[in-house]
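Enquirer:
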Amino acid sequence: MSLIVDGIVKLFQPQADPVLNGVSFVVEPGSVTCLLGPSGVGKTTLLHVIAGLADPDAGTVHLDGASLDGVPAHRRPLTLLMQQPQLFAHLDVIDNVAFGLRVRGVARRARRRRSLELLELVGIDHLASRSTHHLSGGEQQRVALARALAVRPAVLLADEPFASVDASVRRDLQDLVTSVHRELGTTMLMVTHDLDEARRIADHCVVLEHGRVAIQGSPHEIIGRPTTPTAQLPWSAHRHVKTTEPDSQRPVETPSLVNGSRTSGARP
Amino acid sequence: MSVPQSARHGRLVTPLAAVLVVATPIAILALAALSTRWFFPDPFPDSLTTEHLSKILGSSTTRASIATGLLVSATVTAIALLVSWPASRVLARPHMPGRAVIIVLLFLPSVLPAVGLAMGIDIVLLRLDLAGTYIGVVIAHLVPTIPYAVAVLTAGFVRHDRRLEAQAAVLGANDWQRLRLVTLPALRGTLLVAAALTFVVSWSQYLLTVLSGSGRVVTITMLLFSALSGGNPSTIGVLALVAASPATILLALAGRQTTESIAP
Chain V
1 MSLIVDGIVK
11 LFQPQADPVL
21 NGVSFVVEPG
31 SVTCLLGPSG
41 VGKTTLLHVI
51 AGLADPDAGT
61 VHLDGASLDG
71 VPAHRRPLTL
81 LMQQPQLFAH
91 LDVIDNVAFG
101 LRVRGVARRA
111 RRRRSLELLE
121 LVGIDHLASR
131 STHHLSGGEQ
141 QRVALARALA
151 VRPAVLLADE
161 PFASVDASVR
171 RDLQDLVTSV
181 HRELGTTMLM
191 VTHDLDEARR
201 IADHCVVLEH
211 GRVAIQGSPH
221 EIIGRPTTPT
231 AQLPWSAHRH
241 VKTTEPDSQR
251 PVETPSLVNG
261 SRTSGARP
Chain A
1 MSVPQSARHG
11 RLVTPLAAVL
21 VVATPIAILA
31 LAALSTRWFF
41 PDPFPDSLTT
51 EHLSKILGSS
61 TTRASIATGL
71 LVSATVTAIA
81 LLVSWPASRV
91 LARPHMPGRA
101 VIIVLLFLPS
111 VLPAVGLAMG
121 IDIVLLRLDL
131 AGTYIGVVIA
141 HLVPTIPYAV
151 AVLTAGFVRH
161 DRRLEAQAAV
171 LGANDWQRLR
181 LVTLPALRGT
191 LLVAAALTFV
201 VSWSQYLLTV
211 LSGSGRVVTI
221 TMLLFSALSG
231 GNPSTIGVLA
241 LVAASPATIL
251 LALAGRQTTE
261 SIAP
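The listed protein sequences correspond, in order, to chains V and A.
Per the numbering used here, numbering of the first sequence is gapless, rising by one per residue and ending at 268.
Per the numbering used here, numbering of the second sequence is gapless, rising by one per residue and ending at 264.
1) Please state if the CB of residue 70 of chain V and the CB of residue 170 of chain A are separated by a distance shorter than 9 Å.
2) Going by beta-carbon coordinates alone, are residue 181 of chain A and residue 168 of chain A separated by less than 9 Å?
3) Should the region 54-64 of chain V be called in touch with the region 129-137 of chain V, which here means at least 3 C-beta pairs below 8 Å?
4) Residue 187 of chain A: buried (16+ other C-beta within 10 angstroms of its C-beta) or exposed?
5) Using 8 Å as the threshold, is the region 96-107 of chain A in touch with the region 147-164 of chain A, meaning 3 or more CB pairs across them?
6) Name the residues in the region 86-107 of chain V whose C-beta lies less than 9 Å from a C-beta of chain A; which are they?
7) Using the beta-carbon count (16 or more within 10 Å), is residue 16 of chain V buried or exposed?
8) Quick one: is residue 141 of chain V near chain A, going by C-beta distance under 9 Å?
9) For a contact defined as C-beta to C-beta under 7 Å, what are the partners of residue 112 of chain V on chain A?
10) Taking the alpha carbon of residue 89 of chain V as the point to measure from, which residue in A:183, A:94 and A:256 has its own alpha carbon closest?
11) Spell out whether any CB of chain V is found under 9 Å from the CB atom of residue 143 of chain A.
12) Going along the region 124-156 of chain V in order, which residues come within less than 8 Å of chain A, judged by CB to CB distance?
13) Please state whether DSSP places residue 99 of chain V in a helix, a strand or coil.
14) Indicate the three-state DSSP secondary structure (helix, strand or coil) for residue 212 of chain V in the structure shown.
15) Identify, in the order they occur along the chain, each residue of the same chain with its Cβ nearer than 6 Å to the Cβ of residue 245 of chain V, setting aside the five sequence neighbours on each side.
16) Pick out whichever of A:198, A:221, A:189 and A:227 has its Cα sitting closest to the Cα of residue 256 of chain A.
17) Mark residue 120 of chain V as exposed unless 16 or more other C-beta atoms lie within 10 angstroms of its C-beta, in which case mark it buried.
18) Nearest chain V C-beta to residue 182 of chain A closer than 9 Å, yes or no?
19) Excluding sequence positions up to five away, which residues of its chain have a Cβ less than 8 Å from the Cβ of residue 176 of chain V?
20) Using 9 Å as the limit for Cβ to Cβ distance, is residue 84 of chain V near chain A?
21) Around the C-beta of residue 37 of chain V, are 16 or more other C-beta atoms found within 10 angstroms, so that it is buried, or is it exposed?
22) Let me know if residue 24 of chain A comes out buried or exposed under the rule of 16 or more other beta-carbons within 10 Å of its beta-carbon.
23) So residue 78 of chain V contacts chain A; which residues on that side make the cut at Cβ distance below 9 Å?
24) Classify residue 170 of chain V as buried or exposed, calling it buried when 16 or more other Cβ atoms lie within 10 Å of its own Cβ.
25) Leaving out the 5 sequence neighbours to the left and right, which residues in its chain are closer than 7 Å to residue 76 of chain A when beta-carbon positions are compared?
26) How far does the beta strand (DSSP E) with residue 32 of chain V in it extend, from its first residue to its last?
27) Would you mind giving the Cβ-Cβ distance between residue 78 of chain V and residue 153 of chain V, rounded to the nearest angstrom? I have them listed as a contact below 8 Å.
28) Out of curiosity, what's the CA-to-CA distance linking residue 140 of chain V and residue 31 of chain V?
29) Would residue 206 of chain V and residue 25 of chain V be called neighbours here (beta carbons separated by less than 9 Å)?
30) Between the region 204-216 of chain A and the region 113-122 of chain A, do three or more beta carbon pairs fall short of 8 Å?
31) Measuring only between beta-carbons, confirm whether residue 56 of chain V sits less than 9 Å from chain A.
32) Going along the chain, which residues of the region 144-168 of chain A sit with their C-beta nearer than 8 Å to a C-beta in chain V?
33) Taking only three categories from DSSP, how would you classify residue 222 of chain V?
34) Would you list the one or two residues that DSSP bridges to residue 157 of chain V?
35) If you pair each beta-carbon of the region 100-114 of chain V with each one of the region 180-195 of chain V, do three or more pairs fall below 8 Å?
36) Give the residues from the region 43-73 of chain V that approach chain A closer than 9 Å (Cβ to any Cβ), ordered along the chain.
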């Protein structure tokens, strides 16, 4: 299903500058779109607006042609994978995965079967009856991913889901998301400020700057060639690539904006 | 690294002293309840019997007062928690202005002289024609109990991660499902502690119950105070033990719950 974000404006205080100032872009069906931008630019806020956790001051979100205006979060056919796994501590792994099915009234046996399938897909079906207290950070995020996918969301929103794990686990999780996406074809909109992550996962990238879409296009277009001067970046993300991958033996590629198509909202 | 013996002994002294301070009066009450004759300076009673215990527990007055006390305190606990839950949720919001002032104001009636407070509440109840009724006693008990419930629940909500509820919402849980399946289980320990404290504060009210109940609503605490003026140690012992039982059980449960929620 296609997700259309159309002119979203969000203010935290009436007199202050808007955090989001007319953000518009389209997430194509079955694609993985990465939302990039520096910290504080409003990426998480935008995901919350799309998920129904925050109301926009202007603009609309359309899913497959239907407006989501006024639709509460629990009625939207979307799920959100948060930065922290946010597992329910009083439930074991399988009941966490089954949570979304339970609130939809799916019978116990059917939801356990579906949850086990998802746990198998993310490679931790052997942990099904384990308490969430005893899981590593990577395992917890796998449970959260399985839980988000269990309800077959029309769009999976993900807010820097790998930010809280170390570099080696992050790489595994990125590969997992890629393979899960290949298997299920779920439309995804993922926030990151790791350009390398976007390059590995995304079909399309949207870069936010000063509350607007600064540039959007394929990862190749956005991140560009290694020789391009870093000064052209909308923010100093190349430093983030260096700092988040201390174990990487590969030379750090310098991202660029070459061939990036600027939108009408872009600043010069 | 081994811990020196003196340090180990030092660690034992404090809990042992605490147990002695709490256990000694209860042990003396238990002995008094079961004694036939026990006069100063005898260290122990002459002989022990369950005669007083069965006589007092078998009395219809005692049973009725226990039932009334349980009914009043259970109702007060339920209402106090229902009222305090949303209030605490608001008070626990990040950057909530005036949180400390509101909690101090809530506790203000509890730090006023008990007679003044009880008289004030009694006058209000008389005007409402609720003095001497079960409802009047419940309303009177809400004044000193709600602050405890609010204080405990607010502390719980401050620690509670509201993103869990947002997560549940995006997984499809409506308001009721979020409360039932996420918030209540997450705050189970806090809720039990708040319930235990509220119940115990209500259960032990004497002056408020006497005045607001006009002597017609009789709880076990009132019987105990009457027995104190009678001076019979066996009767005092039995009634004191009965009066202390629900509070002891609830606080033990709440303590266990708190320990479990703190333990990794």
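Ideal Cβ placement from N, Cα and C applies to all residues, glycine included.
Expert: To lay it out plainly:
1) no
2) yes
3) no
4) buried
5) yes
6) 86, 87, 88, 89, 90, 91, 99, 100, 101, 102, 103 and 104
7) Exposed, by the Cβ-count rule.
8) no
9) Residues of chain A passing the Cβ test: none, with the nearest at roughly 16 Å.
10) A:183
11) Interface residue (Cβ-Cβ distance to chain V less than 9 Å): residue 143 of chain A is not classified as such.
12) If the cut-off is 8 Å between Cβ atoms, the region 124-156 of chain V has 133, 147, 148 and 151 near chain A.
13) DSSP places residue 99 of chain V in helix when its eight states are reduced to three.
14) strand
15) Confidence is the limiting factor: at residue 245 of chain V the pLDDT is only 37, short of 50, which leaves the residue's position unreliable and the question unanswerable from this model.
16) A:189
17) exposed
18) yes
19) 122, 123, 142 and 145
20) yes
21) buried
22) exposed
23) 170
24) buried
25) 138, 141, 142, 145, 198 and 202
26) Element bounds for residue 32 of chain V: 32-36.
27) 5 Å
28) 25 Å
29) yes
30) yes
31) no
32) 161, 163, 164, 166, 167 and 168
33) helix
34) V:80 and V:189
35) no
36) Answer in chain order: 48, 51, 52, 53, 72 and 73.
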